Every structure is written in structure tokens, then in C-alpha cells.
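Residue numbers (our numbering), protein chains in the order written: chain V, 1 to 161; chain B, 162 to 437.
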């Protein structure tokens with residue numbers, strides 16, 4: 001089978017790997033590189049479990065052709081923490097009990113990250129819209145929405161609204 | 162096994178596709194052009210695609226959104242997010258934003274939406290109501306309606322669409338879903354309601370997910386043409402819908418249900434248009 005060489009930055013680290021024709025980015029991240037933070041849920045872009053940022057833009061790794069990220073910067077939930085220091089989103093999710101089984105959490109974090117990068121002071125309905133492509137079967141979403149709003153306030157350096 | 166070929170220009174990709182003796186979506190073992198990948202990669206992942214060769218293009222012209230005569234040209238590679246966020250296509254923002262969640266909208270392209278099977282194709286439904294024209298790599302333009310009538314046939318790749326710019330407020334769009342805030346379409350409805358001296362002239366009513374492709378409800382258009390949006394006229398338009406719609410059963414709704422509620426949703430949309 002023909003392999004294609006692909007190089008990209010994964011959470012800031014240069015990464016080079018050979019991919020198969022038609023192989024998706026999620027498979028390359030999980031099985032090829034060993035970043036297990038993005039999850040396989042549906043394989044058809046319906047659940048958001050594999051949400052990652054490609055050049056700062058939220059995308060679904062399971063329906064992204066791996067070779068299309070050649071030369072790009074890919075960010076996953078594994079890159080959110082700075083050593084032992086959790087990202088404010090991770091901290092807010094933990095403190096707000098925004099994860100139960102945890103399967104959707106890495107995708108939720110990346111969708112939230114994309115939102116807060118573009119809009120540091122979102123309204124509640126903007127948070128709802130931002131995670132509208134991410135399914136959670138445990139929490140009922142409310143703690144996740146609260147956690148994202150709390151992280152936004154934390155990142156702005158002020159008290160919660 | 163899948164092979165992927167990437168071309169620098171749409172013309173080169175289109176020649177490669179034509180050389181394969183196939184259209185945008187070919188038969189067994191054939192070639193398939195991939196835009197954003199939201200439909201094609203799903204088929205790759207599930208192994209149920211009718212292709213073994215994926216063609217892509219990096220042509221920057223595919224991303225263009227720009228004024229074109231009295232309207233706008235939108236490149237086939239423009240994403241839903243790009244269309245929703247661009248000043249030139251502000252009149253399509255509601256329909257483009259109706260598609261998927263934010264990640265899907267960052268990936269899904271206009272070109273893919275034109276070929277999306279039901280229940281997808283919300284944006285294409287709005288484009289049909291606007292009398293958009295599909296421009297192919299050979300420079301030909303085809304009205305959306307003819308394009309949809311023979312969508313599965315062979316032909317050159319799609320370069321984009323040209324869309325006449327509607328007067329403000331003339332295009333109304335509604336996506337009917339069963340999940341909030343976002344779900345897949347039970348149906349999408351786009352209506353164009355231009356008034357000339359108090360009477361409707363040039364009404365378009367298009368439905369998505371109510372047939373194999375987005376489709377115009379011409380009997381309902383005729384019922385409204387030349388008049389206003391009085392209750393009796395809206396009721397007449399709504400009761401003609403069964404003539405023009407041919408929905409299918411899917412996991413979201415049965416064909417029977419879709420037929421039964423289409424008049425209700427059209428009437429609601431028309432009444433809300435009347436109320437401003």
C-alpha cells in the first residue's frame with residue numbers, strides 16, 4: 001500500500017509520520033502518534049468526541065483526511081495543560097463536575113477552547129452553540145456550560161459574571 | 162484500498178475525473194471528488210463508498226466569495242463558516258449556520274452541500290429558492306433546478322455557484338429539527354417572497370430533505386404568485402404540497418410524517434414572513 005509522508009506540529013512538537021490512502025487524522029493521532037486524548041465516537045462527524053484544532057480552527061479528526069494536515073499545526077486536549085498546571089478550562093471542568101464518564105470531555109474542551117480563543121466573554125447561548133456539535137450522554141450539559149463560562153471568567157482574570 | 166490524488170488546480174482535477182470516465186460521484190471502483198470531507202470521509206470510515214480513488218484540489222479560486230454581476234460568486238470550496246461570516250453572503254448566513262455544529266461548519270463546503278443526500282443540503286435549499294446557478298470547471302452555468310434533476314450524471318467538477326442577491330428580508334429560511342439546539346433536518350424550507358406593488362411576483366418555495374435532492378414546490382408557488390399572504394392563500398399553498406414533495410423514510414422521520422407536517426411548517430413560515 002502506498003504511504004504518504006505527512007509532517008505537522010502536534011501541540012507544538014514537530015511530528016512526522018507515514019499515512020495510508022484515506023486514513024483519517026484521528027486514527028493517525030491515536031494509533032500512529034499515540035495521542036489518545038481525541039476519542040473515536042461515531043466516525044461520521046456526529047458526536048464531536050474527536051474535536052481538535054487545525055491551525056486554530058475546530059475540526060473533527062475522524063473525518064479529516066490525515067494528509068490534508070501536512071504542514072499544519074494540530075492541537076489536542078493533551079496539549080492543554082502546561083506541565084502539571086491544568087488549563088483554566090480543565091480546572092473549571094474538574095471543579096464543576098463537568099465530566100462523568102469523561103469520553104466527551106476532550107472534545108468538549110477543544111470546542112470550548114475554540115470558542116474562548118475567538119470570544120473571551122461569551123454569553124450562555126453562545127456557549128450552547130459552540131458545543132452544539134458535541135454529544136454528552138451523562139451530564140445533561142448544564143455543568144459543562146457552567147464550567148466553560150467559569151473558565152472564560154477565569155481567563156479574563158475577573159470574577160464570574 | 163483508497164488512493165488519494167491532490168491537484169493544484171480545479172481544471173487538472175476535473176480532467177483527471179473526466180479521464181476516469183466518471184462524474185463527481187462514480188460507480189463501483191470509481192473516483193470521488195472530496196471537498197471538506199464531511200461526507201466522503203464518513204464513507205471511507207464506514208467502507209460503504211462506491212469509490213476507490215479520492216481526488217482533491219488545492220485551487221485557491223475554490224475559496225473565493227466575491228461580487229459577480231448583480232449577485233455573488235461562491236467557490237465550491239467555501240465552507241459554511243466562511244459563507245456565514247462573509248459580508249457578501251450575509252443573506253445566506255442563516256442557512257449556512259443551520260448546517261451542523263461549529264466544527265462541521267469549518268469543514269463542510271458549498272460543493273459538498275450541492276451533492277449531499279437527504280437529510281443534508283440545507284444551504285442548497287436556500288440556493289435553489291434564490292435561483293442560483295451552478296458553474297462548472299468548463300465555465301458552463303446550469304440553473305440549480307436542472308443541476309439537481311441530473312445530479313448523479315457524469316460531468317465536469319463544480320467550480321462554484323452564482324447567486325442573485327435578494328432584497329433584504331425577501332429570503333426566509335427555516336430548518337425543522339427534533340433536537341435543540343442542533344439536529345439534522347426533518348426538513349428545510351427556503352422561500353423567496355418578492356413583492357411588486359403589493360403583489361407577490363417571482364415566488365420561490367424550496368424544500369430540503371423532502372426528496373432525493375432539494376426541490377421546488379411549484380404548485381404552492383403558483384398558489385401565492387400574484388397575490389398576498391392572506392390566510393386563505395397560505396392555506397391553499399400549503400395544501401398543494403403533496404403534489405411536489407416526495408420524502409423518504411429515515412431514522413429521523415417517516416415519509417408520512419414529513420408529508421403530514423410540511424404544510425404546517427410552510428404555513429408557519431409564510432405567516433411569520435407576513436408579520437415581518
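In this text, a Cβ means the ideal position worked out from N, Cα and C, and glycines have one as well. If you're wondering where the values come from, they're calculated on a predicted model, not measured in any experiment.
Rounded to whole angstroms, what's the CA-CA distance from residue i to residue j? Just pull it up for me.
| i | j | result |
| --- | --- | --- |
| residue 38 of chain V | residue 28 of chain V | 11 angstroms |
| residue 193 of chain B | residue 209 of chain B | 13 angstroms |
| residue 388 of chain B | residue 97 of chain V | 57 angstroms |
| residue 385 of chain B | residue 394 of chain B | 6 angstroms |
| residue 449 of chain B | residue 338 of chain B | There is simply no residue 449 of chain B to check, as chain B begins at 162 and stops at 437 in what is shown. |
| residue 180 of chain B | residue 10 of chain V | 38 angstroms |
| residue 19 of chain V | residue 277 of chain B | 27 angstroms |
| residue 58 of chain V | residue 391 of chain B | 45 angstroms |
| residue 349 of chain B | residue 14 of chain V | 44 angstroms |
| residue 23 of chain V | residue 404 of chain B | 44 angstroms |
| residue 297 of chain B | residue 223 of chain B | 11 angstroms |
| residue 427 of chain B | residue 407 of chain B | 16 angstroms |
| residue 323 of chain B | residue 312 of chain B | 17 angstroms |
| residue 95 of chain V | residue 136 of chain V | 18 angstroms |
| residue 17 of chain V | residue 65 of chain V | 14 angstroms |
| residue 188 of chain B | residue 79 of chain V | For residue 188 of chain B, the predicted structure reports a pLDDT of 46, less than 50, and the residue's modelled location is therefore unreliable. The matter cannot be settled from this model. |
| residue 279 of chain B | residue 309 of chain B | 12 angstroms |
What three-state label does DSSP hand residue i in the structure shown?
| i | result |
| --- | --- |
| residue 188 of chain B | Interpretation of residue 188 of chain B is limited by its pLDDT of 46, a score under 50 that renders its predicted location unreliable; no figure is taken from the coordinates. |
| residue 62 of chain V | helix |
| residue 194 of chain B | strand |
| residue 3 of chain V | strand |
| residue 79 of chain V | helix |
| residue 412 of chain B | coil |
| residue 336 of chain B | strand |
| residue 384 of chain B | helix |
| residue 137 of chain V | coil |
| residue 321 of chain B | strand |
| residue 162 of chain B | coil |
| residue 307 of chain B | helix |
| residue 271 of chain B | helix |
| residue 298 of chain B | coil |
| residue 67 of chain V | helix |
| residue 217 of chain B | strand |
| residue 250 of chain B | helix |
| residue 160 of chain B | The first residue shown for chain B is 162 and the last is 437, placing residue 160 of chain B beyond what the model contains. |
| residue 400 of chain B | helix |
| residue 288 of chain B | helix |
| residue 35 of chain V | coil |
Could you please give the first and the last residue of the uninterrupted beta strand (DSSP E) stretch that includes residue i?
| i | result |
| --- | --- |
| residue 175 of chain B | Not the beta strand (DSSP E): residue 175 of chain B falls in the alpha helix (DSSP H), residues 171 to 180. |
| residue 235 of chain B | 232 to 236 |
| residue 369 of chain B | 365 to 369 |
| residue 51 of chain V | 51 to 54 |
| residue 14 of chain V | 13 to 20 |
| residue 121 of chain V | It is not in any beta strand (DSSP E) - residue 121 of chain V carries neither H nor E in the DSSP assignment. |
With burial defined as no fewer than 16 other Cβ atoms inside 10 Å of the residue's Cβ, what is the status of residue i: buried or exposed?
| i | result |
| --- | --- |
| residue 206 of chain B | buried |
| residue 252 of chain B | buried |
| residue 67 of chain V | buried |
| residue 36 of chain V | exposed |
| residue 6 of chain V | buried |
| residue 2 of chain V | exposed |
| residue 268 of chain B | buried |
| residue 75 of chain V | buried |
| residue 340 of chain B | exposed |
| residue 272 of chain B | buried |
| residue 283 of chain B | buried |
| residue 359 of chain B | exposed |
| residue 317 of chain B | buried |
| residue 418 of chain B | exposed |
| residue 90 of chain V | buried |
| residue 375 of chain B | buried |
What are the boundary residues of the alpha helix (DSSP H) that includes residue i?
| i | result |
| --- | --- |
| residue 106 of chain V | 105 to 118 |
| residue 93 of chain V | 88 to 95 |
| residue 129 of chain V | 124 to 130 |
| residue 202 of chain B | 201 to 207 |
| residue 502 of chain B | Look at the range of chain B in this structure, 162 to 437, and you will see that residue 502 of chain B is not part of it. |
| residue 156 of chain V | 142 to 156 |
Verify the contact flag: residue i, CB atom, against every heavy atom of the ligand ATP, threshold strictly below 7 angstroms.
| i | result |
| --- | --- |
| residue 266 of chain B | Of the ligands one can find in the structure shown there are none, so the ligand ATP has no counterpart to examine. |
Looking at the C-beta of residue i, does it have a partner C-beta in chain A at a distance below 8 angstroms?
| i | result |
| --- | --- |
| residue 2 of chain V | As a matter of chain content, chain A is missing from the structure shown, whose protein chains are V and B. |
For the stretch 259 to 288 of chain B, which residues have a beta carbon sitting closer than 7 angstroms to at least one beta carbon of chain V?
Along the stretch 259 to 288 of chain B, the positions whose C-beta sits under 7 angstroms from a C-beta of chain V are 261, 262, 263, 264, 265, 267, 268, read in chain order.
Original post:
Any residues in the stretch 48 to 72 of chain V with a beta carbon nearer than 8 angstroms to a beta carbon of chain B? Which ones, in chain order?
Top reply: 48, 51, 57, 58, 59, 60, 62, 63, 64, 65, 67, 68
**Asked** In the stretch 369 to 400 of chain B, which residues sit with their C-beta less than 9 angstroms from some C-beta in chain V, listed in chain order?
**Response** none
inquiry  = Which residues of the stretch 15 to 26 of chain V have a Cβ closer than 7 angstroms to any Cβ of chain B? Give them in chain order.
reply    = 21, 22, 24
Which of the residues in the stretch 124 to 141 of chain V, read from start to end, lie with their CB under 9 angstroms from any CB of chain B? 125, 128, 129, 130, 131, 132, 133, 134
Check your understanding: What are the residues of the stretch 200 to 221 of chain B that lie near chain V, defined by any Cβ-Cβ distance shorter than 8 angstroms?
Key -> Shown in chain order are the members of the stretch 200 to 221 of chain B whose Cβ falls below 8 angstroms from a Cβ of chain V: 202, 203, 205, 206, 207, 215, 217.
* Report the residues of the stretch 88 to 113 of chain V with a CB closer than 8 angstroms to any CB of chain B, ordered along the chain. => From the stretch 88 to 113 of chain V, only 111 have a Cβ closer than 8 angstroms to chain B.
Near-chain V residues of the stretch 340 to 352 of chain B - C-beta to any C-beta below 7 angstroms: Those would be 342, 343, in chain order.
Report task. Using a Cβ-Cβ cut-off of less than 8 angstroms, give me the residues of the stretch 24 to 46 of chain V that come near chain B, in sequence order. Result -> 24, 43, 44, 45
Check: Using a Cβ cut-off of 9 angstroms, which residues of the stretch 225 to 236 of chain B contact any Cβ in chain V, in chain order?
Finding: none
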